[in-house]
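Engineer:
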Amino acid sequence: MKAVPVDPATVPVNSDKIVNLPNALTALRLLAVPVLIWLLATDTESARLWATIVFILAAITDLMDGAIARRRGQITSFGKLADPIADKALIGTALIGLSLLDDLAWWITIVILARELGVTALRMWVIRHGVIAASRGGKGKTLTQVVAISMYLYQPAGVGWWSPMAEGVMTVAVILTLITGFSYVGQALALRRVSKD
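The sequence shown finishes on residue 761 if you use my numbering, and the numbering steps up by one all the way, no holes.
Written as structure tokens, this is what we have:
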């Protein structure tokens with residue numbers, strides 16, 4: 565039997581103690597956002613390399629904090645609220661920064677951000693009827709986005725295949741973004757229908 569992905573929103577709060585390792589990792593991800601803005605605004609080769617490193621390390625904390633919180637029983641109200649905010653702030657900052665630098669088409673940034681905000685709104689819309697659980701497709705979408713953004717943040721000189729590869733990975737990320745977005749819309753409508761019945 566296949567394991568069902570655990571959505572942090574569905575996990576009960578174990579503690580309201582804010583100071584713990586998972587919350588510290590979430591806070592670090594939030595603190596990475598202004599650093600990323602500054603590095604992208606500097607826009608030198610070394611700054612772009614550091615921006616990539618900061619982005620990847622911050623994205624890794626996203627993989628770690630939820631797992632640690634569940635394993636240690638350290639799920640808090642703060643973590644459940646701050647974690648998705650930190651995720652969207654990190655991805656959004658990177659995408660907007662790349663578009664401002666003319667490295668990424670604005671329509672890609674708009675599509676991804678609209679989907680992320682739209683799914684958040686959907687979850688709030690159906691919260692009285694049930695929870696839209698995170699899917700494997702959603703996890704794959706996030707991983708693909710992180711890889712694509714990392715490849716756009718730092719493009720090594722003299723590597724001819726890098727840009728086409730980055731564009732290919734970003735294309736996959738956009739497709740997964742749209743597919744999972746429509747899937748969540750379907751789940752939301754189904755929850756509303758079931759609750760009315």
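Glycine included, each C-beta is placed from N, C-alpha and C at the ideal position.
Given the structure is predicted, the values throughout are model-derived calculations rather than measurements.
Shortest alpha-carbon distance to Ala615 belongs to which of Ala658, Trp689, Leu627?
Structural biologist: Selected option, being the one with the closest Cα: Ala658.
Engineer: Ordered along the chain, which non-local residues of its own chain (more than five positions away) have a Cβ less than 8 Å from that of Met729?
Structural biologist: Closer than 8 Å at the Cβ level, and outside the excluded window around Met729, lie Met715.
Engineer: Go ahead and pull the three-state DSSP assignment for Gln719.
Structural biologist: Coil.
Engineer: Helix, strand or coil for Trp725 per DSSP?
Structural biologist: In the structure shown, Trp725 sits in coil (DSSP, three-state: anything other than H, G, I, E or B).
Engineer: Cutting at 6 Å between CB atoms, please list the residues of its own chain near Val711, excluding the five before and the five after it.
Structural biologist: Counting only Cβ-Cβ distances below 6 Å, and skipping sequence neighbours, we find Val733.
Engineer: Could you give the C-beta distance for Arg679 and Thr741, rounded to a whole number, given that I count them as a contact under 8 Å?
Structural biologist: So it is a contact: roughly 5 Å between Cβ atoms.
Engineer: What is the DSSP secondary structure of Leu585, counted as helix, strand or coil?
Structural biologist: Helix at Leu585.
Engineer: Assuming Met792 and Leu589 are in contact, meaning their beta carbons sit under 8 Å apart, how far apart are those beta carbons, in whole angstroms?
Structural biologist: Any property of residue 792 remains undetermined from this structure, which presents the chain solely from 565 to 761.
Engineer: Pro598 to Gly661, Cα distance in whole Å?
Structural biologist: Roughly 11 Å between the two C-alpha positions.
Engineer: What separation, rounded to the nearest whole angstrom, lies between the Cα atoms of Leu672 and Ile617?
Structural biologist: Note on residue identity: the sequence assigns Ile, not Leu, to residue 672. One C-alpha to the other measures close to 22 Å.
Engineer: Can you tell me the Cα-Cα spacing of Asp651 and Trp726, whole angstroms?
Structural biologist: Asp651 and Trp726: Cα-Cα distance of roughly 26 Å.
Engineer: Can you give me the C-alpha to C-alpha distance between Gln719 and Arg612, rounded to a whole angstrom?
Structural biologist: Their Cα atoms are separated by approximately 9 Å.
Engineer: Quick check on the burial criterion: 16 or more other C-beta atoms within 10 angstroms. Buried or exposed for Val577?
Structural biologist: With a pLDDT of 47 at Val577, under the threshold of 50, the predicted position of this residue should be treated as unreliable, and no value is reported.
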